[in-house]
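Asker:
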Amino acid sequence: MATLILGLGNRGGEYARTRHNVGWMCLDELEQRGRFSRERRDGPARVREGSIEGFDVVTARPQTYMNLSGRAGAYLTDKLSISPQDVLVVHDEADFPFGKIQVKRGGSSAGHRGVQSLIDSWRTTAFPRVRIGVGRAGDDADLVEHVLDTFTREERSALPGIISRASDAVIAVMRDGIDAAMSAYNRAPG
Numbered sequence: 001m002a003t004l005i006l007g008l009g010n011r012g013g014e015y016a017r018t019r020h021n022v023g024w025m026c027l028d029e030l031e032q033r034g035r036f037s038r039e040r041r042d043g044p045a046r047v048r049e050g051s052i053e054g055f056d057v058v059t060a061r062p063q064t065y066m067n068l069s070g071r072a073g074a075y076l077t078d079k080l081s082i083s084p085q086d087v088l089v090v091h092d093e094a095d096f097p098f099g100k101i102q103v104k105r106g107g108s109s110a111g112h113r114g115v116q117s118l119i120d121s122w123r124t125t126a127f128p129r130v131r132i133g134v135g136r137a138g139d140d141a142d143l144v145e146h147v148l149d150t151f152t153r154e155e156r157s158a159l160p161g162i163i164s165r166a167s168d169a170v171i172a173v174m175r176d177g178i179d180a181a182m183s184a185y186n187r188a189p190g
């Protein structure tokens, strides 16, 4: 059975290089590392089928806006006859410092609307995640504006290494299991 990797992001060119789209950036990196079919529309998502390091994978990008990601998640788990626990969700995390990677087994959305939409649609919090720290806006800054903003010059220069490490974490979950991946990646950026 293929692993479904669901990257969270917002469609549209104006969002392509924003903090909220690091989940899609991670899928781009994973697809470059493996062999994948052309992207195709499948319900409320765009998907590619392929393999990475011998693992069969389906990558999916919801084509709804972030706070409606659960529509694509529910559609794909129903269509593929898989449990949400067998989906690996990759998303930005504004509560983490820029560059921190964390593998998480489940739990709350921590205020992330895309993750909350998945929780509401799947009626469970028990799905694995790779969270990519995008930093928190200043005390008086608006969180929505922060995650929909592009990266600073310094962040852009560090971003390829961070996306590479997040992709490594995704592969580690598939190869080694979630406990081993959590042990390897749930520490300060390295």
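Heads up: the sequence shown begins at 1 in this note's numbering, then just goes up one per residue. Just so you know, even glycine gets a beta-carbon here, dropped at the ideal spot from N, CA and C.
(1) Using three-state DSSP, classify Ile82 as helix, strand or coil.
(2) Nearest CA to the CA of Pro44: which residue from Pro160, Leu27, Asp78 and Thr18?
(3) Quick check on the DSSP output: the alpha helix (DSSP H) that includes Phe176 runs from which residue to which?
(4) Could you check if Gly99 is buried or exposed, using at least 16 other CB atoms within 10 Å of its CB as the buried criterion?
(5) Quick one: give me the first and last residue of the beta strand (DSSP E) that Asp142 is part of.
(6) Cβ atoms of Gly70 and Leu27: under 8 Å apart, would you say?
(7) Spatial neighbours of Arg61 within its chain, please: CB distance less than 7 Å, with the 5 preceding and 5 following residues excluded, ordered by chain position.
(8) Leaving out the 5 sequence neighbours to the left and right, which residues in its chain are closer than 8 Å to Leu148 when beta-carbon positions are compared?
(9) Between the C-alpha atoms of Gly190 and Gln85, what's the straight-line distance to the nearest angstrom?
(10) Can the beta-carbon of Arg33 be found less than 8 Å from the beta-carbon of Glu39?
(11) Rounded to the nearest angstrom, what separates His81 and Val87 at their Cα positions?
Answerer: The short version:
(1) Ile82 falls in the coil class under three-state DSSP.
(2) The shortest C-alpha separation from Pro44 is found at Asp78.
(3) The sequence given here places Asp at residue 176; Phe does not occur at that position. That run of the alpha helix (DSSP H) goes Arg153 to Asp176.
(4) Buried: at least 16 other Cβ atoms inside 10 Å.
(5) Where Asp142 is concerned, there is no enclosing beta strand (DSSP E), given that its DSSP letter is neither H nor E.
(6) For Leu27 and Gly70, no; Cβs fall outside 8 Å.
(7) Apart from sequence neighbours up to five positions away, the residues of its chain that approach Arg61 with a beta-carbon distance below 7 Å are Gly7, Gly9, Trp24, Leu27, Ala45 and Arg46, ordered along the chain.
(8) Cβ within range, chain order: Asn10, Tyr15, Thr18, Arg19 and His20.
(9) For Gly190, the pLDDT reaches just 47, beneath the cut-off of 50, and the residue's location in the model is therefore unreliable, leaving the point undetermined.
(10) Against a cut-off of 8 Å, the Cβ pair of Glu39 and Arg33 comes out as no contact.
(11) The amino acid at residue 81 is misidentified as His; the sequence shows Ser. For Ser81 and Val87, the distance between alpha carbons rounds to 11 Å.
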